[in-house]
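In our numbering, the protein residues as written are 9 to 512.
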């Protein structure tokens, strides 16, 4: 398979996969609440000036009535905005910039466009990484491109890739690109034994510093680099300064990112919120067996194929060429090291499948290299991969089918919101809800909403207001899925009387 054929294969499969994902834009999907959260934050960023949100991940919309309304575990700032602390701002700013550049309002369709463009960049970057890595370990040129194409297809057809670069977007999808770029820099550094590599080292340090604003995986990735460089420094002193350089860059990034929060949310509140999230998402709150089950869902038959590839390499470890041991093994180690984060914050990796996305990188490296060792038996590997890819796409569709009812629920919710809007002036009404309020609800009513408010407490507040103003609205709903409600009833106080809207 020539270079042109390999690139064409990846491009055609990417286009077909994108077309297959188009129906998911209006349907339900696992982790869909993450997509709505990003849309809410990007709308909030667009509706308020930077002097109010300070480029922190706000969830507060722009109307005066939206301010000072608590939302989950967020932290308040002086402007009345509530700030999300679990993930930094870059994952929200990137699609926000795309919306601004294209003149589109935040929507699932616009976010899908951004995600597909991001996915294309990730696939291209992975293909570049694999080609350069296989050349670095002295693979014959005629075997490089077919193997690299096979590895790149993992980033397209693995169930987790189909899901995470389709109906779902969160910061892990963006950081996948940062990880690959970091590995490309590391490949150059390891090849040169950290000598005469100021440019790749400088870029890597920049990624480790700026990466703190993308995702917490950056801290684990940076730690892995420092550990590897420090270990290599025992035999190759040229690694000593790079180890210190990366450690300082990563520490500086984390410090500046936290300081950005602290400047507006306060030191103790910020540290308390971060500590609480760490405990909530740690192994203390989760069953490790569920993580294994999650990986089985995300990758299916690719897991036993990867295990077989690892055993194949292990048995041939004594006959592997020197470049494979000196360059290939370190890059594989550095690609796999970020997976430790899934053990540290295991609850998050169980609940949100996109946290398992980074497993594609070491798997792609391993499979691509093994395919170069198979010679004429490579057709067996392609046949096995074809079966595994088919099974992964089938699992992706099965996951969507399990959430198929969301489109009807969303349509009913929109009719319900329109009926409520016909009886109250929603842009200025006081709105409360009996249960928790999350992004979908805010987007549906285009308003900030008081959460966890009993009607018994809400009623006297409304009735004491002369004339009712723009109206008082109390919402009730049942749970469709995580943070996705199906609205059932609304009580509306206006013009001195109560009325009721019942969902149909």
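Where is the CB? At the ideal position from N, CA and C, for every residue including glycine.
Residues that residue i bridges to, as DSSP identifies them
i	result
residue 84	90
residue 505	502
residue 458	440
residue 2	This structure cannot settle anything about residue 2, because the visible part of the chain is limited to 9 through 512.
residue 66	91
Separation of residue j from residue i, as counted between CA atoms
i	j	result
residue 494	residue 376	46 Å
residue 407	residue 38	7 Å
residue 165	residue 43	21 Å
residue 89	residue 396	47 Å
residue 128	residue 185	10 Å
residue 468	residue 500	13 Å
residue 18	residue 157	6 Å
residue 393	residue 402	14 Å
residue 437	residue 505	15 Å
residue 498	residue 372	51 Å
residue 321	residue 31	40 Å
residue 480	residue 400	48 Å
residue 62	residue 54	12 Å
residue 473	residue 113	35 Å
residue 435	residue 272	28 Å
residue 123	residue 197	30 Å
residue 478	residue 431	10 Å
residue 357	residue 299	7 Å
residue 238	residue 247	7 Å
residue 140	residue 350	28 Å
residue 314	residue 240	27 Å
residue 243	residue 201	11 Å
residue 512	residue 483	15 Å
residue 412	residue 471	41 Å
residue 381	residue 199	21 Å
residue 224	residue 464	42 Å
residue 441	residue 34	25 Å
residue 69	residue 76	10 Å
residue 135	residue 125	16 Å
Boundaries (first-last residue) of the alpha helix (DSSP H) holding residue i
i	result
residue 492	Counting along the chain, residue 492 falls outside any alpha helix (DSSP H), though it belongs to the beta strand (DSSP E) covering 492-502.
residue 489	Element bounds for residue 489: not the alpha helix (DSSP H) but the beta strand (DSSP E), 480-489.
residue 411	Looking at the DSSP string, residue 411 is not in any alpha helix (DSSP H), and its letter there is neither H nor E.
residue 453	447-453
residue 12	11-29
residue 342	337-344
residue 192	179-199
residue 110	98-110
residue 50	40-55
residue 349	348-352
residue 240	225-241
residue 473	Run containing residue 473: none; DSSP gives neither H nor E here.
residue 214	206-218
residue 61	58-61
residue 377	368-381
Cβ-Cβ separation, residue j to residue i (assumed contact under 8 Å), whole Å
i	j	result
residue 21	residue 161	6 Å
residue 488	residue 338	About 47 Å; that fails the 8 Å criterion.
residue 48	residue 450	5 Å
residue 93	residue 281	4 Å
residue 425	residue 453	6 Å
residue 233	residue 254	5 Å
residue 404	residue 364	About 14 Å separates the two Cβ atoms, so there is no contact after all.
residue 133	residue 188	4 Å
residue 414	residue 36	3 Å
residue 107	residue 98	The pair is not a contact, with the Cβ atoms about 15 Å apart (cut-off 8 Å).
residue 46	residue 120	Not quite, the Cβ-Cβ distance comes to about 12 Å (not below 8 Å), so this is no contact.
Residue i: first and last residue of the uninterrupted beta strand (DSSP E) it sits in
i	result
residue 434	It is not in any beta strand (DSSP E) - residue 434 carries neither H nor E in the DSSP assignment.
TODO: Would you list, in sequence order, the uninterrupted beta strand (DSSP E) runs of no fewer than 3 residues that lie entirely inside the segment 263-323?
DONE: Taking only runs of at least 3 residues, no beta strand (DSSP E) segment lies wholly in the segment 263-323.
- [ ] Ignoring anything shorter than 4 residues or poking outside the segment 124-173, list the alpha helix (DSSP H) runs there in chain order.
- [x] Listed in chain order, the alpha helix (DSSP H) runs fully inside the segment 124-173 are 149-165, 167-172, counting runs of at least 4 residues.
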